[in-house]
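Undergrad:
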Amino acid sequence: MPPRLRPGQTLLLASLVFGLFFGAGNLIFPAGLGRDAGTAVTPATLGFLVTAVGLPVLGIVASAVTGARSVREMTAPVSRRFAVAFTCLLYLTIGPLFAIPRTATVSYEIGVAPLAGDGGLRLLGFTAAFFAVAAVAAFRPGRLMEWV
Numbered sequence: 135m136p137p138r139l140r141p142g143q144t145l146l147l148a149s150l151v152f153g154l155f156f157g158a159g160n161l162i163f164p165a166g167l168g169r170d171a172g173t174a175v176t177p178a179t180l181g182f183l184v185t186a187v188g189l190p191v192l193g194i195v196a197s198a199v200t201g202a203r204s205v206r207e208m209t210a211p212v213s214r215r216f217a218v219a220f221t222c223l224l225y226l227t228i229g230p231l232f233a234i235p236r237t238a239t240v241s242y243e244i245g246v247a248p249l250a251g252d253g254g255l256r257l258l259g260f261t262a263a264f265f266a267v268a269a270v271a272a273f274r275p276g277r278l279m280e281w282v
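All residue numbers for the sequence shown refer to my numbering, where the first residue is 135 and numbers rise by one.
1) Let's see if you can read the secondary structure: which residues bound the alpha helix (DSSP H) around R236?
2) Is A202 helix, strand or coil when you go by DSSP?
3) Taking only the alpha-carbon atoms, compute the straight-line gap between A217 and V282 and give it to the nearest angstrom.
4) Using 8 Å for Cβ pairs, my map puts V205 next to L224. What's the rounded Cβ distance?
5) What does a CB cutoff of less than 7 Å around S213 pick up in its chain, not counting 5 residues either side in sequence?
6) Is T209 buried or exposed, if buried means 16 or more other CB atoms sit within 10 Å of its CB?
7) Does F273 pass the burial test, meaning 16 or more other C-beta atoms within 10 Å, or should it be called exposed?
8) Per DSSP, what kind of secondary structure is G193 in: helix, strand or coil?
9) Using the beta-carbon count (16 or more within 10 Å), is F232 buried or exposed?
10) Once the 5 residues before and after G283 are set aside, which same chain residues still bring their CB inside 8 Å of it?
11) By alpha-carbon positions, which one of L257, L226, L139 and R203 ends up nearest to T239?
12) So, with DSSP's three-state summary, where would you put D170?
13) Using the Cα positions of I228 and P141, report the straight-line distance between them to the nearest angstrom.
14) By the DSSP assignment, the alpha helix (DSSP H) with F260 in it spans what residues?
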């Protein structure tokens, strides 16, 4: 039997599970989905529940059932090549391909577009400046508190 979790570990695990089920999009998206669904509220709600609740539950169950310590270990029974390819694709999807660019586009849409208007070149310039500032802050983390 695995050891009992300490209160701090329980809080950390609960925060992780909460984050899986309640990302930032789950605060904003349901209201917009309900508005846009019109008379198709039932299929829209079911689709949202399957993707926003069902898939994270399946991920937790798969992780618990396999007992694997990593994605690569979880996918290794398929084949070594698949395990490496899937793990790389998963990490690229989570970070550089979707999440990281989204930080700039959401900041632009919320902070700049209402004032300056939409535009491809404006977004490109903002994105370049946004990531330049982020890079400077990342390369000098000790000075961040001085700048803020």
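We put the beta carbon where it would ideally sit given N, CA and C, even for glycine.
TA: With the structure as the only source:
1) The residue given as residue 236 occupies position 102 in the sequence shown. From DSSP, the alpha helix (DSSP H) with R236 extends over A233 to S241.
2) Within the sequence shown, numbered from 1, the residue matching residue 202 stands at position 68. Reduced to three states, the DSSP call for A202 is coil.
3) Mapped onto the sequence shown, residue 217 falls at position 83. Mapped onto the sequence shown, residue 282 falls at position 148. Roughly 42 Å separates the two Cα atoms.
4) Along the sequence shown, read from residue 1 onward, the residue named residue 205 stands at position 71. Along the sequence shown, read from residue 1 onward, the residue named residue 224 stands at position 90. Going by Cβ atoms, the distance from V205 to L224 rounds to 6 Å, so yes, they are a contact pair.
5) As a working mapping, residue 213 is identified with position 79 in the sequence shown. Result list for S213: empty, nothing under 7 Å.
6) Taking the sequence shown and counting its residues from 1, one reaches residue 209 at position 75. Flag for T209 reads buried.
7) The residue given as residue 273 occupies position 139 in the sequence shown. Exposed, because fewer than 16 other Cβ atoms sit within 10 Å of the Cβ of F273.
8) On the sequence shown, residue 193 is found 59 positions in, with the first residue counted as 1. Three-state result, G193: helix.
9) Sequence index remark: in the sequence shown, residue 232 carries index 98 (1-based). When all chains shown are included, F232 counts as exposed.
10) The shown model of the chain, from 135 to 282, leaves out residue 283, and the question about it has no answer.
11) Residue 239 sits at position 105 when you count from the first residue of the sequence shown. Residue L257 is the option with its Cα nearest to T239.
12) If you number the sequence shown from 1, residue 170 lands on position 36. Helix.
13) Residue 228 sits at position 94 when you count from the first residue of the sequence shown. Residue 141 sits at position 7 when you count from the first residue of the sequence shown. When rounded, the distance between both Cα atoms is 29 Å.
14) As a working note, residue 260 is residue 126 in the sequence shown. Segment G254 to F273, the alpha helix (DSSP H) holding F260.
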